[in-house]
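Enquirer:
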Amino acid sequence: MLFRHVLAHAGEDPALALGQAPPGLLSTREEAILARLTLLPRRRKWLLGRWAAKRLLGELAAEEVDLVAGFLGKPASNRDWRCQFSILNDARGAPYIDRLGQGQHPLSLSISHRGDWGLAAVALQPGARIGADLESVEPRDPALVRQFFSEGEAERVAKTAGGAERAVARIWSAKEAVLKAMGIGLRHDTRDIVVGDEMDAPPGLAGDWRGLEIRLAPLLLAARGVPRSLTLLWRDFDAYVITVALLM
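The sequence shown lines up with residues 62 to 309 when you count with the numbering used here.
#1: Could you give the C-beta distance for W142 and L68, rounded to a whole number, given that I count them as a contact under 8 Å?
#2: Helix, strand or coil: which one does DSSP assign to T89?
#3: Is the CB of G110 under 9 Å away from at least one CB in chain D?
#4: Between the beta-carbon of R227 and the beta-carbon of V255, is there less than 9 Å?
#5: Answer with buried or exposed for K135, where buried requires no fewer than 16 other C-beta atoms within 10 angstroms of its C-beta.
#6: Between S171 and the rest of its own chain, which residues show a CB-CB distance below 6 Å, the 5 nearest in sequence each way excluded?
#7: Do you know offhand how far W233's Cα is from L273's?
#8: Are the CB atoms of A184 and L307 nearer to each other than 9 Å?
#9: Under a Cβ-count criterion, where at least 16 other Cβ atoms within 10 Å of its own Cβ denotes burial, should T89 be classed as buried or exposed?
#10: Quick check on DSSP: helix, strand or coil for F64?
#11: Starting from R153, trace the beta strand (DSSP E) in both directions and tell me its first and last residue.
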């Protein structure tokens, strides 16, 4: 399996909607971070990301997946286990797993949130990098396409009959996922990432995942150096689009 992901909803615990940490969720370091977040929407999003990520890691640890279990141990009590490690962010804003006394885990983790949903995904191949994004399908300002899409992408959206909003969400989500996997974020020109047509997903991938063609501009490749293969996958989820980019 290339990766695992979890979707979590804010309604799963009453504390999340209030911007409060459910009992046993956070480490001491995470509690200090939450205390500095004063705006309720920001607190909710931050908590929802940790809620989703720790559930995913708990599932992998319980299954004794080597990449996780060896570092975090198998959870005897989920509530006690979750507060023994932290989901922190590096200088670029990318999330990572840290356990006091053991340091940072090399497992690649990505978090996204939209509305009341949180998404967490991890790459299961050693050395692989992952970027995951969750986008809502909704009307958007046409300036988004004009300013951030390539000419070919804009033409594809214009020719999409009856599904332009989903096409825009899929392309935008794909760009964000790729930038996350590359460790760049939205600091780079998104038009240097060109999303193409649908293609078959890699064999053995469970669920309704589909592949997307992807092309990176030479300047982006030269600046960042991406010698590994890049796989881009997407699927629909109700009124949302989920995209996962894998650098392997």
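The beta carbon of each residue, even a glycine, is placed where N, CA and C say it ideally should be.
Expert: Quick answer:
#1: Locating residue 142 in the sequence shown gives position 81, where the first residue counts as 1. Locating residue 68 in the sequence shown gives position 7, where the first residue counts as 1. With a Cβ gap of about 21 Å, W142 and L68 do not count as contacting.
#2: Within the sequence shown, residue 89 is the residue found at index 28, counting from 1. Here T89 sits in helix by DSSP.
#3: No chain D is part of this structure, which consists of one protein chain only.
#4: Walking along the sequence shown from the start, residue 227 turns up at place 166. Walking along the sequence shown from the start, residue 255 turns up at place 194. No, the Cβ-Cβ distance between R227 and V255 is not below 9 Å.
#5: Here the question's residue 135 lines up with position 74 in the sequence shown. Its Cβ having fewer than 16 others within 10 Å, K135 is exposed.
#6: Position 110 of the sequence shown holds residue 171. So the list reads A182, I191, G192, A193, K241, once near-sequence residues are dropped.
#7: Working through the sequence shown from its first residue, we reach residue 233 at position 172. Working through the sequence shown from its first residue, we reach residue 273 at position 212. Taking the straight line from one Cα to the other gives about 13 Å.
#8: Indexing the sequence shown from 1 puts residue 184 at position 123. Indexing the sequence shown from 1 puts residue 307 at position 246. Cβ atoms of A184 and L307: closer than 9 Å.
#9: Here the question's residue 89 lines up with position 28 in the sequence shown. The residue in question, T89, is exposed, as its Cβ has fewer than 16 Cβ neighbours within 10 Å.
#10: For the purposes of this step, residue 64 is identified with residue 3 of the sequence shown, where counting begins at 1. F64 falls in the strand class under three-state DSSP.
#11: As a first step, residue 153 must be located in the sequence shown, where it is residue number 92. Careful: R153 lies outside any beta strand (DSSP E) and carries neither H nor E.
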